[in-house]
Amino acid sequence: MEKVPMTGEGYRVLDDQLKQLKSVERPSVIAAISEAREHGDLSENAEYHAAKERQGWIEGQIADIEDKISRAQVIDVSKLSGSQVKFGATVTVVDEDTEEEARYQIVGEHEADVKKGKVSIASPIARAMISKEVGDVVEVNTPGGVKAYEILKVEWK
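The opening position of the sequence shown corresponds to residue 627 in the numbering used here, with each subsequent residue numbered one higher.
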């Protein structure tokens, strides 16, 4: 069974989503199905079919989150240190062409949110930075061609 690396924050978010699905969404859809059944003929009952579809989606989400949680390898980033880029590191880079600085934290796949500066460990930029140090230049294949970034800072938070 392959472990799923994630930060403590990512684990808490998944756990909160699971609790929401089980304690709010699931009972709500069960009530909607019951109410739709009371309307009679189920073969032409749009509310019933919509509620059943929603129930299938909710159960799928619950199974997916439970799977991730069962395989979670929670990594406490605050206990990590060093100059090499690893999972959990917050890395400041500068684009060698535009001189634009960017800051990324390398996180688990389900935690990635580029708008918040969190990139997946499986993303091309994260894969390029892993094991590199301050001063190293990494090349990343992007849809617009190869981009070169210099690593300016590696932080652990």
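In this text, a Cβ means the ideal position worked out from N, Cα and C, and glycines have one as well.
Assignment of Q681 by DSSP, reduced to helix, strand and coil, places it in the helix class. Excluding five sequence positions before and after P769, none of the CB atoms of its chain fall closer than 6 Å to its own CB. Distance check between S660 and each of Q681, E737, S746 places Q681 closest, using alpha-carbon atoms only. The beta carbon of E651 lies closer than 7 Å to those of I684 in the same chain, with the five residues before and after it left out. Of the residues I701, I656, A698, the one whose Cα lies closest to the Cα of E679 is I656.
Excluding its 5 nearest sequence neighbours in each direction, E673 has C-beta neighbours in its own chain below 6 Å: A662, listed in chain order.
Linking A658 to A728 through their CA atoms gives a straight-line distance of about 46 Å.
If you draw a 10 Å sphere on the C-beta of V763, you find fewer than 16 other C-beta atoms in it, and that means exposed.
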